[in-house]
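Before any comments, here is the structure.
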Amino acid sequence: MVRTLLPRFLALGFFGLTSLAQAATLDGLAVQVTNTSEPVLCAEKDNVAVNFASPEVKSFRIEAVHPAYMGSLKQDRWEPDWTACEDISEATSTKPHPVMHTLYEDDRVRIMGLSFSEFWRPSDTTVTIGGKVSRNIHLLQLLKKHKGKAEEVIAMYPGDGYWRIKPLPPQHLEWTAYGSSFIVGPVEFDQRPVTNLKDVAFDPKTMSFTLTLAKGGKAHVAVANLDEERMTLDVSFDQAVTGVPFATLRSMYVTEFNADVARIAVREEKARSWREEMIMNFRDAMATDAWMGRLVPSRHNTSAPDMMFNRFRAEPAVSR
1 MVRTLLPRFL ALGFFGLTSL AQAATLDGLA VQVTNTSEPV LCAEKDNVAV
51 NFASPEVKSF RIEAVHPAYM GSLKQDRWEP DWTACEDISE ATSTKPHPVM
101 HTLYEDDRVR IMGLSFSEFW RPSDTTVTIG GKVSRNIHLL QLLKKHKGKA
151 EEVIAMYPGD GYWRIKPLPP QHLEWTAYGS SFIVGPVEFD QRPVTNLKDV
201 AFDPKTMSFT LTLAKGGKAH VAVANLDEER MTLDVSFDQA VTGVPFATLR
251 SMYVTEFNAD VARIAVREEK ARSWREEMIM NFRDAMATDA WMGRLVPSRH
301 NTSAPDMMFN RFRAEPAVSR
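In structure tokens form, the structure reads like this:
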């Protein structure tokens, strides 16, 4: 019996089923996790907001992991769903094709900068790569060269501080979708949660970003791991973020079959087990680990990754 099941467990584990258990840090700071999500009927609105706050945290980890069902996924869905969207539509959301710039390229990565004719909020954030300063960059894309292709794995918006990340595609899929976004703080509210930045710098040698914060200080975001199972980012601050969240996850939920995030699991301080809830039922917790994702396939961004926040520390992350 054990021999029969072992290969199956190993295969499922590779595609994320065991990722949650492996990700429990069993130590570190417990931070305040609060849910300010609001119900909606429109699948194209980010109505999920999970906030992370602590006056002590100077570093933490964010991971994007393929969902548990990824190994059995044969059909992906990523087209927008405008059903029951009253105040937005495909017509109102479609923008002119952006001007695209190759800001950097070597044998490992390519960095693209996209400039739109309009952006939802004014911003004078600059982008710095290799000493070259660029302006009016509304979207940064990091593409990792892998098996003869350039796979986009990071999308970052300098104007409001939003990030999307994903692992490399598994062998049986040519491409995977983005899903949830996150913001690295201090998180403020301007029509929606944002982080105000003065500059976003990228160092290709260390695969790391340096964010110059509008309120002072810097945040550092380093790609610690990237493969066909997960992407891991190590985040650190020059100084702790006080009074507001240091990070927020943004996503969407309409129903469990139409969501980018449907469930949350938190490991509360000194708890002997995970606490699991539907995302819209969760309110708050003091937790050392938080996972947000899906256990069953959704009709919206089916291949998009689950997200994990953990390794909260009172000291900056150790460089790898």
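Numbering (our numbering), first residue to last: 1 to 320. Don't be surprised by glycine CBs; every beta carbon is placed ideally from N, CA and C.
In terms of residues, what are the limits of the beta strand (DSSP E) holding residue i?
| i | result |
| --- | --- |
| LEU213 | 208 to 213 |
| ALA314 | Looking at the DSSP string, ALA314 is not in any beta strand (DSSP E), and its letter there is neither H nor E. |
| TYR157 | 149 to 157 |
| PRO108 | Contrary to the premise, residue 108 reads as Arg rather than Pro in this sequence. ARG108 -> no beta strand (DSSP E), and no H or E assigned at all. |
| GLN32 | 31 to 35 |
| PRO193 | 192 to 194 |
| PHE182 | 181 to 184 |
| LYS132 | 132 to 134 |
Look at the Cβ atom of residue i, then the Cβ atom of residue j, and state whether they are nearer than 8 Å.
| i | j | result |
| --- | --- | --- |
| SER298 | ALA259 | yes |
| ARG275 | GLU269 | no |
| THR51 | VAL187 | For clarity, residue 51 is Asn in the given sequence; the question names Thr instead. It is a contact, given that the beta carbons lie within the stated cut-off. |
| SER54 | PHE246 | yes |
| PRO98 | LEU114 | yes |
| ASP234 | LEU173 | no |
| ASP306 | MET292 | yes |
| ASN47 | ARG283 | no |
| LEU295 | GLU228 | no |
| PRO204 | VAL133 | no |
| PHE119 | GLY161 | no |
| VAL266 | ALA290 | yes |
| ALA314 | GLU151 | no |
| MET370 | ILE165 | Outside the modelled stretch of the chain, which goes from 1 to 320, sits residue 370, for which no answer is possible. |
| THR288 | LYS198 | no |
| VAL153 | LEU226 | yes |
| MET70 | SER303 | yes |
| ASN196 | ALA214 | yes |
Considering only DSSP beta bridges, list what residue i is partnered with.
| i | result |
| --- | --- |
| TYR322 | The requested residue 322 is not part of the displayed model; the chain covers only 1 to 320. |
| PHE309 | ILE62 and ALA290 |
| ILE264 | GLU277 and MET292 |
| ASN51 | THR34 and THR248 |
| THR176 | Per DSSP, none; premise fails for THR176. |
| LEU114 | MET100 and LEU139 |
| ASN225 | THR232 |
| LYS218 | THR212 |
| TYR162 | TYR157 and ILE183 |
| VAL200 | VAL127 and LEU211 |
| ASP284 | THR34 |
| HIS146 | LYS149 |
| GLU79 | In DSSP, GLU79 forms no bridge with anything. |
| PHE237 | ALA219 |
| GLU188 | VAL194 |
Inset, instruction - Flag this pair as touching only if the stretch 126 to 146 and the stretch 178 to 185 have three or more C-beta atom pairs under 8 Å; answer yes or no. - result: Contact between the stretch 126 to 146 and the stretch 178 to 185 is absent, because fewer than three Cβ pairs lie under 8 Å.
Inset, instruction - Spell out a yes or no on whether the stretch 99 to 112 and the stretch 59 to 70 are touching, meaning 3 or more CB-CB pairs, one atom from each, closer than 8 Å. - result: The stretch 59 to 70 and the stretch 99 to 112 do not touch, with fewer than three beta-carbon pairs separated by less than 8 Å.
Legend entry - Touch test, the stretch 217 to 233 against the stretch 30 to 47, Cβ-Cβ under 8 Å, three pairs minimum: Counting Cβ pairs under 8 Å, fewer than three are found: no touch.
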